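**Student:** Chains as they are written, first to last, in the numbering used here: chain Z, 552 to 649; chain E, 16 to 229.
Starting off with a structure, shown below.
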Amino acid sequence: MEHPVVPVKTYILVYLALLLLLVLTLAVAYIEMAGINTILAVAIASIKALLVILYFMHVRYSTMLTRVFILSGFIWLAILVGLTLTDYLTRAGLFINP
Amino acid sequence: MSETHPTPVNPEKQARFEFELNVLGMWLFLVTEIMLFGGLFAAYIVYRYLYPEAFIDASHHLDVVLGTVNTVILLTSSLTIALAVNSVQRGNQKGLALFLMATIILGTAFLGIKGLEYLHKIEEGLFPGGIFVYPAPFTQQARLFFSLYFTLTGLHAVHMILGIGALVVLFVMSLRKKFTSHRYDLIELTALYWHFVDIVWIFIFPLMYLIDRT
Chain Z
552 MEHPVVPVKT
562 YILVYLALLL
572 LLVLTLAVAY
582 IEMAGINTIL
592 AVAIASIKAL
602 LVILYFMHVR
612 YSTMLTRVFI
622 LSGFIWLAIL
632 VGLTLTDYLT
642 RAGLFINP
Chain E
16 MSETHPTPVN
26 PEKQARFEFE
36 LNVLGMWLFL
46 VTEIMLFGGL
56 FAAYIVYRYL
66 YPEAFIDASH
76 HLDVVLGTVN
86 TVILLTSSLT
96 IALAVNSVQR
106 GNQKGLALFL
116 MATIILGTAF
126 LGIKGLEYLH
136 KIEEGLFPGG
146 IFVYPAPFTQ
156 QARLFFSLYF
166 TLTGLHAVHM
176 ILGIGALVVL
186 FVMSLRKKFT
196 SHRYDLIELT
206 ALYWHFVDIV
216 WIFIFPLMYL
226 IDRT
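Written out as structure tokens, the structure reads:
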């Protein structure tokens, strides 16, 4: 229940990591990588988001209850995307490009 | 259950309790925001899955340089607002005001560049609402892409405008020394909101600008 004072150094390190991951994001977009470009880009974005959530948003120093709230949000998002895709991914013949 | 405080409450403890409660409330709101943007992202996922080539083609019309600059601006603004929270935690009033103003300036710069991008897109006839020009065979599908682009980034921009508004109010309050190292809930809550808006952009940027540039 204390207010965690995150050291400035930590913030700077996280920031530099975010910039590095941004460079990586650009690299993944411009370099041909046998089809895993998209999943790699999403993975890198997820790592960036995780860094922001854990350190900038103080979740690393937060209560379990807070983490449950956040996790629930992403689980609901997964349900939204997942169930929507169960429709589109199981339609044969819908994948039509003119 | 008729008495809320049968024993005297330590004000310091009470303040900490209320802080945690406020943070929890903000996270509850942010979860609803995850679902709001999540719906748009779900639409994006479906249509990108259905029309991959059209989406690649359409995304090439977006300016990667401006998008990258904007991403750097937003990431830096997250740093400055985190430092604002850090300042108030240490009782550094000057630092608080400084970093709040820095975040405001960065946020406004982001919006300026976004506005410029929108202007370019409209000039190129890529705004789906008016005269939309796009070479065949991807015309209608590119229209879908740009609908998603303008809706996602537009909703994001609205969130940024509201965030900047809140930051301006906080800045003025900070000048009046309304925040102390013991009571700075609004700063923390606004920072959480701002970081969230940054995270949304962290996903929008690669999904819209960087689909396939090999």
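Note that CB positions come from ideal geometry on N, CA and C, so glycine has one too.
Since the structure is predicted, the reported quantities are computational estimates derived from the model, not experimental observations.
Comparing the C-beta of residue 101/E with each C-beta of chain Z, is any distance below 9 Å?
**Tutor:** Yes, contact with chain Z.
**Student:** If we count the other Cβ atoms within 10 Å of its Cβ and call it buried at 16 or more, is residue 620/Z buried or exposed?
**Tutor:** Flag for residue 620/Z reads buried.
**Student:** Give a yes or no on whether the C-beta atoms belonging to residue 89/E and residue 125/E are separated by under 9 Å.
**Tutor:** In this structure, residue 125/E lies closer than 9 Å to residue 89/E by Cβ.
**Student:** Buried or exposed: which applies to residue 587/Z, given that a residue is buried once 16 or more other Cβ atoms fall within 10 Å of its Cβ?
**Tutor:** Answer is exposed; the Cβ neighbour count stays below 16.
**Student:** Please report whether the beta-carbon of residue 157/E lies at a distance below 9 Å from any beta-carbon of chain Z.
**Tutor:** Residue 157/E does not count as touching chain Z.
**Student:** Considering just the uninterrupted stretch of the alpha helix (DSSP H) at residue 224/E, what are its terminal residues?
**Tutor:** 200-224 is the span of the alpha helix (DSSP H), which, as asked, contains residue 224/E.
**Student:** Should residue 129/E be labelled buried (16 or more other beta-carbon atoms within 10 Å of its own) or exposed?
**Tutor:** Residue 129/E should be labelled buried.
**Student:** Could you tell me if residue 615/Z is buried or exposed, where buried requires 16 or more neighbouring beta carbons within 10 angstroms of its beta carbon?
**Tutor:** Answer is exposed; the Cβ neighbour count stays below 16.
**Student:** For the alpha helix (DSSP H) containing residue 172/E, list its first residue and its last residue.
**Tutor:** Where residue 172/E is concerned, the enclosing alpha helix (DSSP H) stretches over 154-190.
**Student:** I'd like to know if residue 121/E contacts chain Z, where contact means its C-beta is closer than 9 Å to some C-beta of that chain.
**Tutor:** Cβ-Cβ to chain Z under 9 Å: no for residue 121/E.
**Student:** Take the Cβ of residue 92/E as the centre, count every other Cβ of all protein chains shown within 10 Å, and call the residue buried at 16 or more, exposed below.
**Tutor:** So residue 92/E counts as buried.
**Student:** How many Å lie between residue 146/E and residue 200/E at the Cα?
**Tutor:** So the alpha carbons of these two residues sit roughly 47 Å apart.
**Student:** Between the beta-carbon of residue 572/Z and the beta-carbon of residue 595/Z, is there less than 9 Å?
**Tutor:** Yes; because the gap between Cβ atoms is below 9 Å, this pair is in contact.
**Student:** Count the other CB atoms, across all protein chains shown, that sit within 10 Å of the CB of residue 75/E; report buried if there are 16 or more and exposed otherwise.
**Tutor:** That one is exposed.
**Student:** Please work out which residues of its chain come closer than 7 Å, Cβ to Cβ, to residue 611/Z, disregarding the five sequence neighbours upstream and downstream, and give them in chain order.
**Tutor:** Closer than 7 Å at the Cβ level, and outside the excluded window around residue 611/Z, lie 605.
**Student:** Taking 9 Å as the threshold (beta carbon to beta carbon), is residue 612/Z in contact with chain E?
**Tutor:** Not one chain E Cβ lies under 9 Å of residue 612/Z.
**Student:** If you draw a straight line from the alpha carbon of residue 585/Z to that of residue 579/Z, how long is it in whole angstroms?
**Tutor:** For residue 585/Z and residue 579/Z, the distance between alpha carbons rounds to 11 Å.
**Student:** Below 8 Å on the Cβ atoms is my contact criterion, and I expect residue 108/E with residue 189/E to pass it. Report the Cβ-Cβ distance as a whole number of Å.
**Tutor:** So it is a contact: roughly 7 Å between Cβ atoms.
**Student:** Within 9 Å of any Cβ in chain Z, is that where the Cβ of residue 132/E sits?
**Tutor:** Chain Z contact via Cβ: absent.
**Student:** With DSSP collapsed to three states, give me the class of residue 102/E.
**Tutor:** DSSP places residue 102/E in helix when its eight states are reduced to three.
**Student:** Tell me, please, whether the CB atom of residue 78/E is closer than 9 Å to any CB atom in chain Z?
**Tutor:** Cβ-Cβ to chain Z under 9 Å: no for residue 78/E.
**Student:** Between residue 128/E and chain Z, is the shortest Cβ-Cβ distance under 9 Å, so that the two count as touching?
**Tutor:** Closer than 9 Å: no.
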